[in-house]
Amino acid sequence: MPTPSPFLTSDLAGPDTRPGTLVFCFPPAGGSPRAFLPWQRALGDDAELAAFCPPGRGHRHREPHVASVAELAAGAAEAVRAAADRPFVLFGHSLGAVVAFEAARLLSGHSHLRHLIASGCSAPSLLPTRRVVDIARLEGKTFTEAVGFFGGLPPEVIADEELAELLLPSLRADFRVVAGYEYRPGAPLDIPVTLVNGRDDPHVDATALTPWERECVRPPELRWADGGHFYFEPDPTAVTAVVRSVIADARDAGGERWQHVEVI
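Every letter in the sequence shown is one number past the one before it in the working numbering, and letter 186, counting from 1, is 186.
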């Protein structure tokens, strides 16, 4: 039986989408790639969105789980190479941003790679943070309560230990993956990079973003959105507007439009 594609696509994509830009999206710790698919409506026919499903999850549940960011990134880069027959952008949130960053490194020099959008993520050289390392060691209700710091978990999940144990095994596994991340200095990315973060994110602030400059040939574009770590829930407009802007720039043959922007 052939291995299923790691990417999910939305049935909201229009019939004329294929000539446009591909947007590969990488989910946060414990996140479902299907949560990205409704974003296709906001992108319209300008792009086709493809959401990465890690091994051991969703339709890839028969595949063995991976234990490191490096392995996730390698698998993602291989899958992108196989699928990217036109210009593409990488988008990742939180853990997904780290995977997208490492995949972008592996894809350096790819003729179709246009942009990296890293959302809700401290500079890779600062990872893993002490908070994530400490949380990754926890079990049971203490783990669930600690993860609640980031937001994104319904109160009923945090309050119900049995429900949490049923729903959160992948989240716990992903925290351990992040906690084991080993940053290695490398050549700066020779593509535009945009950083998107919530103004009220308790985990990522401006000082945690500054070292991103060392990872890019051009200074990264910084965007702030109202909200916390999951600033795009329940309304993804803030982030889909950034993606649309990046797609427009990727199509623009006029050259350098990468400017430092502070406000959405």
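Just so it is clear, CB atoms sit at the ideal spot from N, CA and C, and this is done for glycine as well.
Query, Result
"Grouping DSSP H, G and I as helix and E and B as strand, with all else coil, what is residue 182?", "coil"
"Among 104, 181, 31, 84, which has the Cα closest to the Cα of residue 117?", "104"
"Write down the C-beta distance between residue 29 and residue 94 rounded to the nearest angstrom, noting that I regard them as a contact closer than 8 Å.", "6 Å"
"Can you tell me whether residue 117 is helix, strand or coil according to DSSP?", "strand"
"Since residue 47 and residue 247 should fall inside the 8 Å C-beta cutoff, what is the C-beta to C-beta distance between them, to a whole number of angstroms?", "5 Å"
"Bridge partners of residue 22, per DSSP?", "48, 88"
"What are the uninterrupted segments assigned as alpha helix (DSSP H) that are 4 or more residues long and contained completely in the stretch 202 to 246, given in chain order?", "206 to 209"
"Where DSSP assigns a beta bridge to residue 265, which residues make up the other side?", "There is no way to answer for residue 265, as the model of the chain reaches only from 1 to 264."
"If we call anything under 7 Å between Cβ atoms a contact, is residue 101 one with residue 76?", "no"
"Restricting to runs no shorter than 3 residues, where is the beta strand (DSSP E) found entirely within the stretch 53 to 114?", "88 to 93"
"Taking DSSP's pairing of strands, which residues face residue 7 in a bridge?", "52"
"Cβ of residue 123 within 7 Å of Cβ of residue 135?", "no"
"If I measure Cβ to Cβ from residue 143 and keep anything under 7 Å in the same chain, skipping five residues before and after, which residues do I get?", "135, 172"
"Going by other Cβ atoms of all chains shown within 10 Å of its Cβ, with 16 needed for buried, is residue 128 buried or exposed?", "buried"
"Would you check if the stretch 33 to 49 and the stretch 5 to 13 touch, i.e. whether three or more CB-CB distances between them fall below 8 Å?", "yes"
"What three-state label does DSSP hand residue 138 in the structure shown?", "coil"
"Beta-carbon separation of residue 181 and residue 69 under 7 Å?", "yes"
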